[in-house]
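Chemist: Numbering follows this note's numbering, in which position 212 of the sequence shown is assigned residue number 290; successive positions increment by one, without gaps.
Using N, Cα and C, we set each Cβ at its ideal position, and we do this for glycine too.
All values derive from a computational prediction rather than experimental measurement.
One structure follows; several queries about it will come next.
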Amino acid sequence: MQPESTLKLPQQTDPPRSTDLPEGKDRGPAPARPKTGKVRASPRARRMARELGIDLSEVIGSGPGGAILPSDLAGAGASASPQGVEEQEYQVVALKGTRRTIAQRTQQSYRTAPHISLSIAIDAAELWERSRRGQGGLAEQQARPPGLTSLLLKCVTAALLQHPRLNAHLVDEEIREFQAVHLGVAVALEEGLVVPVLRNAEQKEALELQSELGNLVKRAQERRLQLEEMQGSTFTVSNLGMYGINHFTSILNLPEVGILSVGAVRQTPVAVDGEVAVRPRMNVTLNADHRAVDGAVAAQFLQTLQELAEH
């Protein structure tokens with residue numbers, strides 16, 4: 079299982095003027111600057127000009143009396159480069175196919191749904207032990223016991239049954255809470271993410287989830303997934319723990335109202351009964367659509383998940 083990376087919003091910059099033209103277009107002759115003997119510019123614009131190596135005498139100001147503002151330097155700064163430094167070569171990768179679809183859907187999700195993000199640390203000792211020894215005699219008959227991932231997915235399913243507001247879609251003006259849990263699991267391919275679906279997860283044990291997920295991932299890597307196998311999920315789980323990532327957030331897979339991001343299991347010093355002990359711990363983060371889910375509901379879901387996973 080693998081998710082999308084944490085988004086970092088770019089720092090706010092002054093918006094370009096409506097008169098700015100795309101780079102390379104003819105702007106026509108620049109209006110003559112009044113012969114005052116001194117270039118008028120705001121203090122911030124002067125600092126930016128020094129940092130970018132821009133000659134203010136060649137910039138037309140849009141402020142009062144033709145004063146140069148920081149926004150007037152945006153276009154000049156984009157094209158300016160230190161003397162003697164040649165333009166770097168680069169390779170163009172077209173935004174098309176799966177990558178284009180992902181770009182469109184994530185952009186729509188981030189713009190449409192007001193995301194809230196809550197995290198909690200889970201003591202993974204019990205999950206770790208159960209994945210090692212298996213569950214009762216069932217694992218003894220299998221080549222492999224249920225892994226930590228499939229055990230966690232079973233815990234997520236149980237938590238969703240107790241908090242159906244997270245096992246839901248927001249469509250138009252209604253919240254659709256589902257009785258069945260169809261878990262989407264993010265899988266990273268070279269061309270981008272796909273989300274195969276574990277249908278009716280509430281009816282399956284951890285070993286069944288593990289077997290079904292393994293089959294879906296294998297066929298996803300072989301590009302053999304059918305469209306219907308990637309549709310209809312009611313909640314999505316995304317995991318970057320195998321890359322050593324401790325904490326991250328994911329963008330909602332609309333119209334779902336919740337997505338869980340799972341980090342790596344780390345041996346961590348913690349206080350246990352008044353003493354310091356080293357325990358395997360993992361961070362999980364829930365992103366939810368605030369239009370459908372309040373912070374308290376999201377927090378209660380994470381508390382339930384923590385209790386199920388630890389006991």
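Determine whether the beta carbon atoms of Thr312 and Glu334 lie at a separation below 8 Å.
Modeler: Yes; because the gap between Cβ atoms is below 8 Å, this pair is in contact.
Chemist: Taking only the alpha-carbon atoms, compute the straight-line gap between Gly102 and Ala181 and give it to the nearest angstrom.
Modeler: Low per-residue confidence applies at Gly102: pLDDT is 40, beneath 50, and the placement is therefore not dependable enough to give any value.
Chemist: Along the chain, which unbroken stretches of the beta strand (DSSP E) at least 3 residues long are found entirely within the segment 231 to 277?
Modeler: Fully enclosed beta strand (DSSP E) runs of 3 or longer: 246 to 249, 252 to 255, 261 to 263, 265 to 267, 270 to 272.
Chemist: Where does Val350 fall in DSSP's three states?
Modeler: Of the three classes helix, strand and coil, the one that applies to Val350 here is strand, per DSSP.
Chemist: Using a threshold of 8 Å, state whether the C-beta atoms of Asn331 and Val273 are closer than that.
Modeler: The answer is yes: Cβ separation under 8 Å.
Chemist: Taking Cβ to Cβ, would you say Asn361 is nearer than 8 Å to Ala199?
Modeler: Going by C-beta atoms, Asn361 is nearer than 8 Å to Ala199.
Chemist: If you draw a straight line from the alpha carbon of Arg254 to that of Arg243, how long is it in whole angstroms?
Modeler: Near 8 Å, if we compare the C-alpha coordinates of Arg243 and Arg254.
Chemist: Enumerate in chain order the residues of its own chain whose CB-to-CB distance from Thr176 is below 7 Å, with the five nearest sequence positions on each side excluded.
Modeler: Here the set comprises Glu269, Gly270.
Chemist: By the three-class DSSP mapping on this structure, what secondary structure does Arg118 have?
Modeler: Arg118 falls in the coil class under three-state DSSP.
Chemist: Does Phe379 come out as helix, strand or coil in the three-state DSSP assignment?
Modeler: Three-state DSSP puts Phe379 in a helix.
Chemist: Is Ala324 helix, strand or coil by DSSP?
Modeler: In the sequence under discussion, the amino acid at residue 324 is Asn, which differs from the Ala named in the question. Residue state, collapsed to three classes: coil.
Chemist: Measure the Cβ-Cβ separation of Leu291 and Val259 and say whether it is below 8 Å.
Modeler: Going by C-beta atoms, Leu291 is not nearer than 8 Å to Val259.
Chemist: Report buried or exposed for Gly373, applying the criterion of at least 16 other Cβ atoms within 10 angstroms of its Cβ.
Modeler: By the neighbour-count rule (16 or more Cβ atoms within 10 Å), Gly373 is not buried but exposed.
Chemist: Within 10 angstroms of the Cβ of Ser140, are there 16 or more other Cβ atoms? Answer buried if so, exposed if not.
Modeler: The residue in question, Ser140, is exposed, as its Cβ has fewer than 16 Cβ neighbours within 10 Å.
Chemist: Could you compute how far the alpha carbon of Arg297 sits from the alpha carbon of Gly225?
Modeler: C-alpha separation (whole angstroms): 20 Å.
Chemist: With DSSP as the reference, identify every bridge partner of Glu52, one or two as the case may be.
Modeler: The chain is shown only over 79 to 389; residue 52 falls outside these bounds and no answer can be derived.
Chemist: Mind checking which residues open and close the alpha helix (DSSP H) that includes Ala199?
Modeler: Unbroken run through Ala199 is the beta strand (DSSP E), 193 to 201; no alpha helix (DSSP H).
Chemist: Beta-carbon within less than 6 Å of Ser228's beta-carbon, same chain only, minus the 5 sequence neighbours each way: which residues are those?
Modeler: Result list for Ser228: Ala284, Leu287, Gln288, in chain order.
Chemist: Quick one: what does DSSP say Ser311 is sitting in, helix, strand or coil?
Modeler: Correct three-state label for Ser311: coil.
Chemist: Give me the Cα-Cα distance between Gln185 and Thr179, rounded to the nearest whole angstrom.
Modeler: Taking the straight line joining both Cα atoms gives about 10 Å.
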